[in-house]
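The number in the working numbering is simply the position in the sequence shown, starting from 1, with 28 added.
Note that beta-carbon positions come from the ideal geometry of N, C-alpha and C, so glycine has one too.
Predicted, not measured: the structure shown is a model, and the values here were computed from it.
Below you'll find the structure, written out as structure tokens, and then a few comments.
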Amino acid sequence: MAQDYAIVRNDALNRFETTVDGVLCVLDYRLRDGVLTITHTGVPDAVGGRGIAATLTRTAFDAARREGWRVVPACSYAAVWLAKHPEYADLVDRR
Numbered sequence: 029m030a031q032d033y034a035i036v037r038n039d040a041l042n043r044f045e046t047t048v049d050g051v052l053c054v055l056d057y058r059l060r061d062g063v064l065t066i067t068h069t070g071v072p073d074a075v076g077g078r079g080i081a082a083t084l085t086r087t088a089f090d091a092a093r094r095e096g097w098r099v100v101p102a103c104s105y106a107a108v109w110l111a112k113h114p115e116y117a118d119l120v121d122r123r
């Protein structure tokens with residue numbers, strides 16, 4: 029079961045981030061014209077397997093829903109995560 033991680037939206041660096049055991053974990057994105065494109069999810073091996081990437085991804089999708097954005101899961105992890113969470117499929121930008 030994933031823990032609760034303190035995720036911060038860092039607009040200056042275009043990413044969601046958290047630090048776990050002193051290790052920075054990130055989900056990078058581009059935001060243009062109301063479309064959040066998830067470009068990379070990075071969780072170093074030292075803290076892998078704890079559900080951190082899933083928490084970062086869910087946080088990004090939740091932010092998109094709150095802000096009224098569409099989402100493009102360009103990152104392979106985000107695409108696989110989305111396939112397992114169809115409750116977020118309505119946010120996908122299919123243009």
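| query | result |
| --- | --- |
| Using alpha carbons as the reference points, say which of G96, A82, A106 lies closest to T67. | A106 |
| For V48, does the three-state DSSP call read helix, strand or coil? | strand |
| In chain order, what residues of the same chain lie with their CB nearer than 8 Å to the CB of D49, ignoring the 5 residues before and after it? | A74, V75 |
| Check R86 in the structure and name its three-state DSSP category. | helix |
| Name the residue from Y57, V71, V108 whose alpha carbon lies nearest to the alpha carbon of A40. | Y57 |
| Per DSSP, G70 forms a beta bridge with which residues? | V54 |
| Can you check DSSP and say which residues form a bridge with L110? | L110 is not bridged to any residue. |
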